[in-house]
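Notes to accompany the following structure.
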Amino acid sequence: MRNVTLADVFTHPVAQKYLHRSGVSHAIIVAEHALELALQNGVDPDLATKAGLLHDIGHYEWYKNGKWDYEQYRESDIHAIKGAERAHKLLIRLGEDRQPAKEIALAILLHTDSYLPEGTLHQNPLQKVVRMADEMDEEPGGRHHYREMNREVALQHIQKLDQKIDDYLIQVRRTV
Ligand SMILES: [Fe+2]
1 MRNVTLADVF
11 THPVAQKYLH
21 RSGVSHAIIV
31 AEHALELALQ
41 NGVDPDLATK
51 AGLLHDIGHY
61 EWYKNGKWDY
71 EQYRESDIHA
81 IKGAERAHKL
91 LIRLGEDRQP
101 AKEIALAILL
111 HTDSYLPEGT
121 LHQNPLQKVV
131 RMADEMDEEP
141 GGRHHYREMN
151 REVALQHIQK
161 LDQKIDDYLI
171 QVRRTV
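For the sequence shown, full-length UniProt numbering gives the first residue as 1, with consecutive numbering after it.
So this is what it looks like as structure tokens:
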């Protein structure tokens with residue numbers, strides 16, 4: 001039904017490599033919030049969950065003595081730019097169409113304004129959903145990046161999300 005599922009994305013070695021840097025648990029919970037918010041706001045849940053899952057894959061490892069170095073992070077961070085590009089490349093490689101791949105990449109690019117010069121960011125509904133989903137899972141001191149979730153449990157969450165998206169798409173097709 002979809003060219004690319006969340007399970008396809010999640011199990012790809014590139015996603016595995018980068019998701020672990022900023023926390024698998026955070027990525028999955030943001031994807032789950034993004035699904036709920038997408039359904040409430042008339043946004044495509046397939047795009048929202050993929051962007052939610054991949055929103056932080058642009059992070060470098062800002063570790064100093066085993067801890068995230070926020071000073072260095074704040075000064076040099078471009079994770080949204082890097083993540084948008086990585087996500088786009090990965091999605092195209094998996095067979096995603098160019099249009100949705102661009103939508104997802106843009107939602108990742110604009111999920112935060114922490115790296116931008118001051119100003120107002122005008123976000124479309126998909127971009128707003130991803131940003132809100134991310135903020136819902138944020139913990140003080142960046143603790144959301146350290147929570148653990150084992151691969152088995154993570155995959156179960158991903159499969160449940162895929163199922164919900166497919167159910168939604170079937171329902172939409174019936175009513176059109
Ligand atoms: Fe995040």
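Cβ coordinates follow ideal geometry from the N, Cα and C atoms, glycine included.
Item to check | 9 Å Cβ cutoff, I104 in contact with chain D | outcome: Given the protein chain composition of this structure (a single chain), no chain D is represented.
Checklist entry - What residue ranges within the stretch 52-133 form continuous alpha helix (DSSP H) runs of no fewer than 4 residues, ordered along the chain? => result With a minimum length of 4 residues, the unbroken runs of alpha helix (DSSP H) contained wholly in the stretch 52-133 fall at 70-76, 79-94, 98-109.
Checklist entry - Between A34 and T5, what straight-line distance do the alpha-carbon atoms span, to the nearest angstrom? => result For the purposes of this step, residue 34 is identified with residue 34 of the sequence shown, where counting begins at 1. For the purposes of this step, residue 5 is identified with residue 5 of the sequence shown, where counting begins at 1. Taking the straight line from one Cα to the other gives about 15 Å.
Next on the checklist: Please list the terminal residues of the continuous alpha helix (DSSP H) segment that includes R147.
Outcome noted: Here residue 147 corresponds to residue number 147 of the sequence shown, with the count starting at 1. No alpha helix (DSSP H) holds R147; DSSP gives it neither H nor E.
Next on the checklist: Quick check on the burial criterion: 16 or more other C-beta atoms within 10 angstroms. Buried or exposed for G52?
Outcome noted: Taking the sequence shown and counting its residues from 1, the one referred to as residue 52 is at position 52. Buried, since its Cβ has 16 or more Cβ neighbours within 10 Å.
Item to check | Neighbourhood of E61 by C-beta distance below 8 Å, restricted to the same chain and skipping five residues each side | outcome: On the sequence shown, residue 61 is found 61 positions in, with the first residue counted as 1. Here the set comprises R21.
Item to check | Three-state class that DSSP yields for N41 in the structure shown | outcome: Locating residue 41 in the sequence shown gives position 41, where the first residue counts as 1. Three-state result, N41: helix.
Checklist entry - Would you call P140 buried or exposed, if buried means 16 or more other Cβ atoms sit within 10 Å of its Cβ? => result Sequence index remark: in the sequence shown, residue 140 carries index 140 (1-based). Flag for P140 reads exposed.
Checklist entry - Nearest CA to the CA of V9: which residue from L121, A154, V172? => result For the purposes of this step, residue 9 is taken as residue 9 along the sequence shown, with counting starting at 1. Of the listed residues, the one whose Cα sits closest to V9 is A154.
Item to check | Stretch-stretch touch, CB-based, cutoff 8 Å, three pairs: the stretch 76-87 with the stretch 161-168 | outcome: Taking 8 Å as the limit for Cβ pairs, the verdict is that the stretch 161-168 does not touch the stretch 76-87.
Item to check | C-alpha distance - A105 paired with G66, whole-angstrom precision | outcome: In the sequence shown, the residue the question calls residue 105 occupies position 105. In the sequence shown, the residue the question calls residue 66 occupies position 66. Rounded to whole angstroms, A105 to G66 spans 30 Å at the Cα level.
Next on the checklist: Do L126 and E103 count as a contact pair if the criterion is CB distance below 9 Å?
Outcome noted: The residue given as residue 103 occupies position 103 in the sequence shown. The residue given as residue 126 occupies position 126 in the sequence shown. For the pair E103 and L126, the CB atoms are nearer than the 9 Å cut-off.
Next on the checklist: I'd like the span of the alpha helix (DSSP H) that includes V14, first residue to last.
Outcome noted: For the purposes of this step, residue 14 is taken as residue 14 along the sequence shown, with counting starting at 1. Taken as a continuous stretch (DSSP letters only), the alpha helix (DSSP H) holding V14 covers 13-22.
Checklist entry - Between the C-alpha atoms of residue 188 and T175, what's the straight-line distance to the nearest angstrom? => result In the structure as shown, the chain starts at 1 and stops at 176, and residue 188 therefore has no counterpart that could be examined.
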